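Asker: So that we are looking at the same thing, I have put the structure below in structure tokens.
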Amino acid sequence: MMAALTKNFVGLGRRVMNSLWRIGIGARFLSLILLNSGISFSRFHLTVKELFFSGVMSLIIILVAGMFVGMVLGLQGYETLKRYGSESALGSLVALSLVRELGPVLAALLFASRAGSAMTAEIGLMKATEQISAMEMMAINPIARVVAPRFWAGVFAVPLLAAMFSVMGVFGGYLVGVVLIGVDEGSFWSQMQSNVDFQHDVLNGVFKSCVFGVVVTAIALFEGYDAPPTAEGVSGATTRTVVESSLAILILDFILTALMI
Amino acid sequence: MGSLEYRCLKATGVYNVLSEALVEIRDVNFAYGHRPILKGMNLTFPKNKVIAIMGGSGCGKTTLLRLIGGSIKPTSGYVKIGGQIIHELDRAGLYAMRRKMGMLFQFGALFTDMSVYDNVAFQMREHTNLPEEIIHDLVMMKLHAVGLRGTHDLLPAELSGGMARRVALARTVALDPMLILYDEPFAGLDPISLTVVGNLIKRLNDALGATSIVVTHDVQESLKIVDYLYFVADGVIITEGTPDEIKASNKPFVQQFINGEMDGPVPFHYPGGDYQQDLKLKSIERVKNNKRKVTERYFGLDRRQKKK
Ligand SMILES: Nc1ncnc2c1ncn2[C@@H]1O[C@H](COP(=O)(O)OP(=O)(O)O)[C@@H](O)[C@H]1O
Ligand SMILES: [Mg+2]
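Structure below.
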């Protein structure tokens, strides 16, 4: 009995220690990326190319998801607001939910599962097929040439995608609320305009999605770079990217919200 | 310097032609974790020669190349290239050294997201400021040298194994390296591609005035193109010599290697436990015993007793 308890306890401790180690190594990897970011900016076309790949890859899914989330917000918001007789506030409800919360979070989650996992798989396969070693042997730093441009592309892409998500969401809310249900169009837009504060709401959302962009992209790249150079290694790393970045987004979202309110 | 080895080299004339060694490996030990892979290696690679390192799979040939390329550090001993100890260089020094080296990886390691052309042009664009027209001509010359000018706008996935190897070869020599490392350049090639790649290695080495180190287990092909051979087994050099000496050698290991015999000084079996034990013959005994016990418990009697 006691032995079994001890064993579980030791196992738990080891798991915690391993996770802490991984976070530490990941942080070192991130600082390496930052240190080697020179050519991501001096040869900006490298970053733009990656931005094109990861951004365009997630664009359709972001637009469709944003639209439907906005439509659901329109329906649910109308149902709730009707009880208090304040249907006219639907515009500000939809916009605030999207800009402050759903846009940054859902866009980052979708980005992690669409572009993040692809980044992990790509880097992992480059490593497994010795492309990374080959670059090292050509006296080219793979962190600077391969990893850093992808990192900055992700950091730029997530806030842009979050903005598009919110725009599509507002449009979806408008379709359901105004066009379908018949909420007054003038009050829908004017309420939204007067209640959404640029600094307090929009910038907060942008800040959140910048943080998510850094975290998701760093996790995706680290998992890829750290993956064992085998088929199972790469597939396991891809799964870990999605799981870890989703958890990180939701946990960070709570912390950031608590700090910024 | 190991005196025996020195005398060997002297006798074979390698040292008389060119006294200067480009790469020297002295007393190098290396272990992955606690598993020793190289145990006191001494090799010398004179300039402008093609030298083969031969040995069975898993004997540490790739490890040796990675030591020369500076990706790993020896546990003891040193690797010297052009007089500099490679693992004592800082990152800038190492990168400066690697610019003068080319390495052909075992599976080519072509960049899969770039065309053949961009693969060959990659180092030129990264390391030089040459205008694109000149790079174009250089790339075409390199591809022409390996006979694949026509493939320049294909992707690596669209090439056969032998063609990919040749493109990788063109990329390896893109910046005219002074030292070229080849990891298993012949593995998995059909006989024609094999001869083509073998001749290319020889021709490129002569044209560039470079030094080539070819890691391989293909004896027949390397005997045709190399100037000197080292045989590795169990982490040490067991034989070395010019192709003629190797052919004439009556050492059992060399004979086994050249003739491809299955068992000999190089055992067929990787060291392991007792075969019978591994087959769990013991546990079969145990199963039998258990069966008897079960019979006793459920039928209340032992068969032997019943017989009585
Ligand atoms: N990164 C590594 N970690 C642990 N062991 C390794 C590693 N790389 C290779 N090995 C082991 O070292 C031995 C030599 O490997 P290698 O140099 O690749 O052999 P070769 O190229 O001669 O076939 C092999 O037994 C292999 O299992
Ligand atoms: Mg090998």
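Respectively, the protein sequence lines represent chains A and B.
Position in the first sequence (first residue = 1) + 156 = our numbering.
Position in the second sequence (first residue = 1) + 25 = our numbering.
C-beta atoms are modelled at their ideal positions from N, C-alpha and C, and glycine is treated no differently.
Since we're looking at a predicted model, the values are computed, not measured.
Just the chain A side, please: which residues come within less than 8 Å of A134(B) by C-beta, in chain order?
Answerer: Neighbours of A134(B) on chain A, chain order: T285, E286, Q287, S289, A290.
Asker: Report all residues from its chain with a CB closer than 8 Å to the CB of A36(B); omit the five preceding and five following residues, and keep chain order.
Answerer: Residue confidence is low: A36(B) scores 48 on pLDDT, short of 50, so the model does not pin down where it sits. No coordinate-derived value is stated.
Asker: Taking 8 Å as the threshold (C-beta atoms), are F147(B) and R91(B) in contact?
Answerer: No, the Cβ-Cβ distance between R91(B) and F147(B) is not below 8 Å.
Asker: Give the secondary structure of Q109(B) by DSSP, where H, G and I count as helix, E and B as strand, and everything else as coil.
Answerer: DSSP places Q109(B) in strand when its eight states are reduced to three.
Asker: Which residue or residues does DSSP assign as beta-bridge partners of A56(B)?
Answerer: According to DSSP, A56(B) bridges with P61(B).
Asker: Put I299(A) into one of helix, strand or coil per three-state DSSP.
Answerer: Looking at I299(A) - three-state DSSP - the assignment turns out to be helix.
Asker: Look up R116(B) in the DSSP assignment and say whether it is helix, strand or coil.
Answerer: Helix, per DSSP.
Asker: Once the 5 residues before and after L265(A) are set aside, which same chain residues still bring their CB inside 7 Å of it?
Answerer: Excluding positions up to five away in sequence, the list reads S402, I405.
Asker: With a CB to CB cut of under 8 Å and the five nearest residues on each side skipped, what residues in its chain are close to A182(B)?
Answerer: Once the five neighbours on either side are set aside, the close Cβ partners of A182(B) are T137.
Asker: With 8 Å set as the bound, which would you pick, yes or no: does the beta-carbon of Y255(B) sit closer than that to a beta-carbon of chain A?
Answerer: No, because no Cβ of chain A sits closer than 8 Å to the Cβ of Y255(B).
Asker: Using a Cβ-Cβ distance under 8 Å, would V294(A) count as near chain B?
Answerer: Here the sequence assigns Met to residue 294(A), which means Val is not the residue at that position. Output row for M294(A): interface = yes.
Asker: With DSSP run on the structure shown, which of helix, strand or coil describes T264(B)?
Answerer: Strand at T264(B).
Asker: Whose Cβ in chain A lies nearer than 7 Å to the Cβ of Y120(B)?
Answerer: A295, listed in chain order.
Asker: Tell me, please, whether the CB atom of Q148(B) is closer than 8 Å to any CB atom in chain A?
Answerer: So, interface residue.
Asker: Please list, in chain order, the chain A residues whose beta carbon lies closer than 7 Å to that of G94(B).
Answerer: Per Cβ cutoff of 7 Å: M293.
Asker: So, for G186(B): in the same chain, excluding its five sequence neighbours on each side, which residues have a beta-carbon less than 7 Å away from its beta-carbon?
Answerer: Correct list, in chain order: G213, L214.
Asker: Less than 7 Å separating the Cβ of K283(A) from some heavy atom of ligand 1?
Answerer: No.
Asker: Would DSSP call T241(B) helix, strand or coil?
Answerer: In this structure, T241(B) counts as strand in the three-state DSSP scheme.
Asker: Going by CA-CA distance only, name the one from V222(B), V240(B), S140(B) that's closest to C84(B).
Answerer: Checking every option, the nearest Cα to that of C84(B) belongs to V240(B).
Asker: Taking the DSSP output, what are the residues bridged to R51(B)?
Answerer: Its beta-bridge partners are Y103(B).
Asker: L161(A) lies in the alpha helix (DSSP H); which residues open and close that run?
Answerer: Segment 158-191, the alpha helix (DSSP H) holding L161(A).
Asker: For W308(A) versus T394(A), is the C-beta distance shorter than 8 Å?
Answerer: No. Outside cutoff.
Asker: In or out: S101(B) buried (at least 16 other Cβ within 10 Å) or exposed?
Answerer: S101(B) should be labelled exposed.
Asker: Tell me the rounded alpha-carbon separation between S274(B) and P268(B).
Answerer: Their Cα atoms are separated by approximately 10 Å.
Asker: Considering just the uninterrupted stretch of the alpha helix (DSSP H) at M139(B), what are its terminal residues?
Answerer: No alpha helix (DSSP H) holds M139(B); DSSP gives it neither H nor E.
Asker: Identify every residue that forms a DSSP beta bridge with G80(B).
Answerer: Partner(s): none; G80(B) has no beta bridge.
Asker: With respect to 7 Å, is the separation between the Cβ of E49(B) and the closest non-hydrogen atom of ligand 2 below this value?
Answerer: False, no ligand heavy atom lies under 7 Å from that Cβ.
Asker: Taking 8 Å as the threshold (C-beta atoms), are V370(A) and V311(A) in contact?
Answerer: Cβ distance < 8 Å, so V311(A) and V370(A) count as in contact.
Asker: Could you give the DSSP three-state label for P71(B): helix, strand or coil?
Answerer: It is a strand residue.
Asker: Please confirm whether any heavy atom of ligand 2 lies closer than 7 Å to the CB of K72(B).
Answerer: No, since every heavy atom of ligand 2 falls outside the 7 Å radius drawn around the Cβ of K72(B).
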